[in-house]
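Under my numbering, read the sequence shown as residues 250 to 338, first letter to last.
Every residue gets a Cβ at the ideal spot worked out from N, C-alpha and C, and that includes glycine.
Since the structure comes first, as structure tokens, the remarks are kept for the end.
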Amino acid sequence: MAGFLMFVEKVKLGLKIDVLREVGRQYPVFCFLLLSLVALTLLLNRYLHVLMVFWSFLAGVTTFYCSLGPESLVPNIFFPVKQRNKVTL
């Protein structure tokens, strides 16, 4: 039993379960949408041509969000927005 528990701890460290749990807590709607799309794709692979519409929409939204600059009003999760000091001449 102790060997199994050590194995589970190693898997938790390798997969970084804590990071995934925190992402799920901070962004529950997006994680739910992503997990539901993955589950629907696996379960309904016969209707993959219909699901591709939703995957394409998700890819477009992600591309648009990543293309925004740091000066935009949309919060960015990939890098923090730093305030620039104005230099007066």
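Worksheet item: Which value, in whole angstroms, describes the spacing of the CA atoms of Ser305 and Gly273?
Response: 22 Å
Discussion item. With H, G and I counted as helix, E and B as strand and the rest as coil, what does DSSP make of Asn294?
Written reply: helix
Worksheet item: From Val260, Ile266, Leu297, Leu307, pick the residue whose C-alpha is nearest to that of Phe279; which is it?
Response: Leu307
Worksheet item: Ala313 and Leu286: beta carbons closer than 9 Å?
Response: One detail in the question is off: residue 313 reads as Phe in this sequence, not Ala. Against a cut-off of 9 Å, the Cβ pair of Leu286 and Phe313 comes out as no contact.
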